[in-house]
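In the working numbering, the protein residues as written are 90 to 278.
All C-beta atoms, glycine included, are put in the ideal place defined by N, C-alpha and C.
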């Protein structure tokens, strides 16, 4: 008795179809994101500080002249201020700066001008920090010209956002991707 030819072996030795492992890409990218974020949390504050310094000191060179015999300006907590004089008046000028809650510190000697008034470069004499919106009065002796430099806080706000908030937000996204990928991997096994 003859049997018809078989159309393949009675037993298939072919491997079972591969199950797709869901969540593998999310797990890999989430893990890589956390590693990159750990590096970014160390590096980005330094980069942000440089960006902030460039925005503060490089972007705002406009100064407001003040009357040395007595003048005032409206100050805000959200800004940094400096009292500046021409270079020839640096050693002779002293100022009395008063306000409700004001901290005044003599500035460090620098060869870099803060800005200019009518083409004359001015150099930082005092750094003024204000707590709360208020009027600050300035009276100076020993010099003929005094100017106010308002740095603003735009550069500081941008540097905080770039240096700290951006890495934290991206780190949270990477963590969510990692957890979501691990859960999907466990369920697909």
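Asked                                                                                                                                          : Found
Close Cβ partners of residue 279 (< 8 angstroms) along its chain, the five nearest in sequence each way excluded                               : Outside the shown range of the chain (90 to 278) lies residue 279, about which nothing can therefore be said.
Whether residue 251 touches residue 158 by CB criterion (8 angstroms)                                                                          : no
Endpoints, the beta strand (DSSP E) within which residue 204 is located                                                                        : 204-206
Whether residue 262 touches residue 122 by CB criterion (8 angstroms)                                                                          : yes
Beta-bridge pairing of residue 269 - partner residues as DSSP gives them                                                                       : DSSP, once it has assigned bridges, lists no residue as partnering residue 269.
Contacts around residue 222, its chain only, beta-carbon distance under 6 angstroms, and the 5 residues preceding and following it disregarded : 165
For residue 231 and residue 181, the rounded distance between their alpha carbons                                                              : 5 angstroms
heavy atom of the ligand PLP below 7 angstroms from residue 257 C-beta                                                                         : Among the ligands in the structure shown, none appear at all, so the ligand PLP cannot be discussed.
Local conformation of residue 287 per DSSP, three classes                                                                                      : The chain is shown from 90 up to 278; residue 287 falls before or after that span and cannot be answered.
For residue 175, the first and last residue of its enclosing beta strand (DSSP E)                                                              : 170-175
Of the residues 201, 113 and 107, the one placed nearest residue 270, counting alpha carbons only                                              : 113
Buried/exposed call for residue 119, threshold 16 Cβ in 10 Å                                                                                   : buried
Residue 155 burial status per 10 Å Cβ neighbour count (16 or more: buried)                                                                     : buried
Same chain, Cβ closer than 8 angstroms to residue 224, five either side skipped, listed in chain order                                         : 161, 162, 163, 164 and 188
Beta-carbon contacts of residue 206 that lie in its chain and below 6 angstroms, excluding the five residues immediately before and after      : 152, 154 and 236
Local Cβ density within 10 Å of residue 257, reported as buried at 16 or more and exposed below that                                           : exposed
Straight-line gap, residue 272 to residue 117 (C-alpha atoms, nearest Å)                                                                       : 13 angstroms
Residue 277 and residue 107 closer than 8 angstroms at C-beta                                                                                  : no
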